[in-house]
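What follows is a single structure, written as structure tokens, with notes after it.
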Amino acid sequence: MSAVTRAAVEGVLRQYTDPYLNQDPVSAGCVRAIDIQGGQVSVQLQLGYAAGLFKNGWAQVLQTAIGNLEGVSSAQVSIDCQVAAHKAQAQVPAMANVKNIVAVASGKGGVGKSTTAANLALALAREGARVGILDADIYGPSQGVMFGIAEGTRPQIREQKWFVPIKAHGVEVMSMAFLTDDNTPMVWRGPMVSGALLQLVTQTAWDDLDYLVIDMPPGTGDIQLTLAQKVPVAGSVIVTTPQDLALLDAKKGVEMFRKVNIPVLGVVENMAVHICSNCGHAEHLFGEGGGEKLASQYGVDLLASLPLSMLIREQADSGKPTAIAEPESQIAMVYQELARQVGARIVLQEAAAPAMPSITISED
């Protein structure tokens, strides 16, 4: 019986591709330790994105493969997730209590952006991450309703300086709606809105978050530019429907983030298909393949395609979005996939970023 070598174990690992990093664990730098004691092999891997619902199955696949290697009597693969801090804009200082900020945006309203943001936050939390959501849609805040937070709830103030976010379904939530009356419209000019957003981001006592999801207002105006210039965003997700008009506006959103050097992690297509609850007939009410076309045009990925479903709307309205209302449902699984894709793409963006040039000072 030939002795088991590290090279042989790595050779097995190289045959399997992490579906979210699109690389094998060795090439992706996930291997933390390989311990070989005779025929007993122990491997420790570390993922840089939240993958609590995926890692055990992935470990089992790799463990079985290593166990089949000649000379191996027993194999053990353990995987843990360690989310690191990332930001796209070099000139914007990082936040001490938030590792990664994800902006969820759309060019126009009515495409399900807020519902997507809520389900993304909840799905990331289900994957084991520490998550917060900021409702930056100052003119039409809705996250309080989606997270089932009672009207009139106010955040506590700490040291006369910090808003303490309200926790719901394991996610920290902050919204302008918690500071105003639900029946009073915000009639603020752009600079006031931008100032309010900055205060909400920087003066909320976020509790060491892995991810802060920001539900952006629709459009490409002052708030979006303030975010790009003052908040350390790791990446953005563009939400659209297949409809031509929505796609036109979504393109503007992609272009805006590109101009301010915030990576677009991908596109989410809502209302892709309607399935009749009576007969099961599938119909593309808003057109077909629009999200895919947008993604391919800009060289980004279609992260998720979701149906036009009454359940998604009803569950969000009732304060328990789909990701937690029916966690084993097919739609909830799409949101879990979205969460893992978003986390992994932040890691990949960092890996693909060009290294800063080193400066050497001559003594001459």
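Residue numbers for the sequence shown follow numbering that gives the first Met the number 0, beginning at 0 and rising by one.
Ideal Cβ placement from N, Cα and C applies to all residues, glycine included.
Check                                                                                                         : Outcome
Nearest-angstrom Cα separation, counted from A128 out to R153                                                 : 25 Å
I65 and V8 closer than 8 Å at C-beta                                                                          : yes
CB-CB length for A117 against I132, believed under 8 Å                                                        : 7 Å
Closest Cα partner of D221 within the set Q198, D206, G194, Q75                                               : G194
Helix, strand or coil at I100 according to DSSP, with G and I counted as helix                                : strand
Bounding residues of the beta strand (DSSP E) (the contiguous stretch that carries G70)                       : Careful: G70 lies outside any beta strand (DSSP E) and carries neither H nor E.
Segment limits, alpha helix (DSSP H) that includes E350                                                       : A small correction: the amino acid at residue 350 is Ala; Glu does not occupy that position in the sequence shown. 329 to 351 is the span of the alpha helix (DSSP H), which, as asked, contains A350.
Residue span of the alpha helix (DSSP H) that contains A6, given as start and end                             : 5 to 12
One or two residues paired with W161 in a DSSP bridge                                                         : R157
Own chain, CB closer than 6 Å to M175, minus 5 neighbours either side, in chain order                         : I137, P140
Helix, strand or coil at R31 [DSSP, three-state]                                                              : strand
Buried/exposed call for K166, threshold 16 Cβ in 10 Å                                                         : exposed
Inter-residue Cα distance where the pair is A124 and P18                                                      : 20 Å
The beta strand (DSSP E) enclosing A303, as first and last residue numbers                                    : 301 to 304
Straight-line gap, I78 to R339 (C-alpha atoms, nearest Å)                                                     : 15 Å
Reference I345; option with closest CA among A6, Y48, Q314                                                    : Y48
Pairwise C-alpha distance: T239 and H283                                                                      : Note that H283 scores a pLDDT of 45, beneath 50, so its modelled location is shaky; the value from the coordinates is reported in the next line. So the alpha carbons of these two residues sit roughly 14 Å apart.
Among K250, L211, L264, A32, nearest to D300 - alpha-carbon criterion                                         : L264
CA nearest to the CA of D316, picked from A343, K112, F146, K229                                              : F146
L68 versus L61: straight-line alpha-carbon distance, rounded                                                  : 11 Å
Unbroken alpha helix (DSSP H) run spanning D17, endpoints                                                     : Where D17 is concerned, there is no enclosing alpha helix (DSSP H), given that its DSSP letter is neither H nor E.
Contact between the segment 81 to 100 and the segment 202 to 219 (3+ Cβ pairs under 8 Å)                      : yes
Reduced DSSP category for T225 - H, G, I as helix; E, B as strand; rest coil                                  : helix
Contact check, Q335 vs A324, beta carbons under 8 Å                                                           : no
M173 - containing beta strand (DSSP E), residue span                                                          : 170 to 174
Own chain partners of E110 with C-beta closer than 7 Å, once the 5 adjacent residues on each side are dropped : Note on identity: in this sequence residue 110 is Val, with Glu being the wrong assignment. These residues qualify, in order along the chain: V238, T239, T240, A245, N269.
Run of the beta strand (DSSP E) containing L380, from where it starts to where it stops                       : Since the first residue shown for the chain is 0 and the last is 363, residue 380 is missing from the structure and cannot be characterised.
Own chain residues within Cβ distance below 8 Å of V101, not counting five before or after                    : L119, Y210, L211, V212, I213, V232, A233, G234, S235, V236, L264, V341, I345
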